[in-house]
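The structure appears below as structure tokens.
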Amino acid sequence: MMEKQLTRTDYLIATLTIFMLVCVLGAFFIGFKIGKERTDKQWQHAASQEVKANEQTGSYDQQSLAIFYHSIYIPYKNFQIKWFQAQDNLERNSQTVNSASAIKELANLAGSLSKELQANTMPENSPLLGQASNSYLTSLQTFNKGLQSFISKANAMPGSELIHAMDVDAQLQEAKKSALSAQKDYYSSIVKWQQTENSAIKPLDSNKKISFDEWNNTSIHVKNEYVSSLMLQAGSFTEYLPHDVTARIDELLAKGEMKSLGISDIPAAIQLLNGTSAVRTDYFAKQKMRYKQEELPNLPFFQ
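Residue numbers 152 to 454, in this note's numbering, belong to the letters of the sequence shown in order.
Rendered as structure tokens:
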């Protein structure tokens with residue numbers, strides 16, 4: 152029995168059917184590719200936004216600020232306390248203090264604490280805290296080198312003369328500058344933390360004179376950052392902290408005493424207070440109730 156031959160119409164139908172199948176498959180794969188690309192872009196965008204959020208805000212959460220406080224700030228503060236104690240002893244008891252021994256003790260403390268700070272690193276997504284950590288480390292290392300040069304000649308100098316010589320020593324001045332730079336970066340980090348809660352918070356320009364009205368209308372953390380910037384510019388290496396200066400300024404403004412002192416702006420007030428030692432280390436603690444409406448990070452020096 153002879154098989155029936157396919158007609159031209161059959162071939163045409165078969166060809167069209169195959170063509171349609173190819174088109175359907177092609178459309179499917181093209182649609183799949185487009186959908187995948189769109190999904191990938193959405194995920195990349197979401198991931199990018201998350202990274203940016205972490206870099207801009209999440210990096211400066213309370214945990215990061217607290218880790219820095221306990222692992223970097225407190226060790227350095229311990230050295231700073233010893234530094235001022237040693238200066239006080241040299242000035243008050245220059246005849247009974249073994250100056251060389253006191254300077255050597257300070258140098259050794261700076262050296263041992265610098266090793267401690269080297270082991271305590273801050274996360275890369277907290278650049279300001281990283282900078283502050285490096286600056287405190289540099290300060291301790293520079294203090295160590297600068298103090299070493301005074302050990303051999305300390306006992307041959309009266310206490311007041313030794314203090315003056317250390318005050319004008321270029322290496323020790325650089326060590327103080329590094330510490331003030333670290334302090335400024337830490338207070339800037341606290342402003343970054345506040346901005347995660349309130350994006351309207353804007354820093355003050357440390358290169359401009361700030362009026363009393365502008366000062367009164369900003370947050371304590373922005374004030375502290377501004378003070379720390381001016382302390383860095385002036386080289387004010389002190390026992391008291393920027394928020395002690397802020398509290399003293401706010402107290403004088405509240406009492407209306409700035410005008411009687413001949414002060415018309417905040418930089419002039421800071422200069423006067425630093426230059427006349429009119430600030431104590433406990434000023435913020437005494438004035439803390441003034442800031443009960445402010446949101447303070449959970450850090451011991453604000454408690």
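Glycine included, C-beta positions come from ideal geometry on N, C-alpha and C.
Beta-carbon within less than 7 Å of M317's beta-carbon, same chain only, minus the 5 sequence neighbours each way: which residues are those?
F301, L323.
Would you check if the distance between the CB atom of S380 and the CB atom of K328 is smaller than 8 Å?
No. Outside cutoff.
I want to know whether the stretch 235 to 245 touches the stretch 275 to 292 - three or more CB-CB distances under 8 Å.
The answer is no - the stretch 275 to 292 does not touch the stretch 235 to 245, with fewer than three Cβ pairs under 8 Å.
Along the alpha helix (DSSP H) that carries N276, what are the first and last residues, could you check?
No alpha helix (DSSP H) holds N276; DSSP gives it neither H nor E.
In terms of alpha-carbon separation, which member of A283, G297, N259, S245 lies closest to S332?
Measuring from the Cα of S332, the nearest candidate turns out to be A283.
Below 8 Å on the Cβ atoms is my guess for S250 versus A305; work out the distance and round it to an integer in Å.
With a Cβ gap of about 4 Å, S250 and A305 count as contacting.
Classify M409 as helix, strand or coil using the three-state DSSP reduction.
M409: coil per DSSP, three-state reduction.
Determine the closest residue to E312 out of Q246, S290, N271, with distance taken between C-alpha atoms.
It is Q246.
Inspect the CB distances between the stretch 256 to 265 and the stretch 285 to 298 and report whether three or more fall short of 8 Å.
These segments touch.
If you draw a straight line from the C-alpha of N375 to the C-alpha of L264, how long is it?
Distance between the alpha carbons of N375 and L264: 26 Å.
Between the C-alpha atoms of N358 and G310, what's the straight-line distance to the nearest angstrom?
Their Cα atoms are separated by approximately 37 Å.
Please name the residue in Q269, K443, R431 whose C-alpha comes closest to that of L291.
For the residues Q269, K443, R431, the minimum Cα distance to L291 belongs to Q269.
Could you check if D356 is buried or exposed, using at least 16 other CB atoms within 10 Å of its CB as the buried criterion?
Exposed.
If you follow the alpha helix (DSSP H) that N367 is part of, which residue opens it and which one closes it?
First-last of the alpha helix (DSSP H) with N367: 363 to 367.
When the Cα atoms are used, what is the spatial distance from Y442 to V342?
Their backbone Cα atoms lie some 16 Å apart in a straight line.
Are the beta-carbon atoms belonging to A330 and Y287 less than 8 Å from one another?
Taking 8 Å as the Cβ cut-off, A330 and Y287 qualify as a contacting pair.
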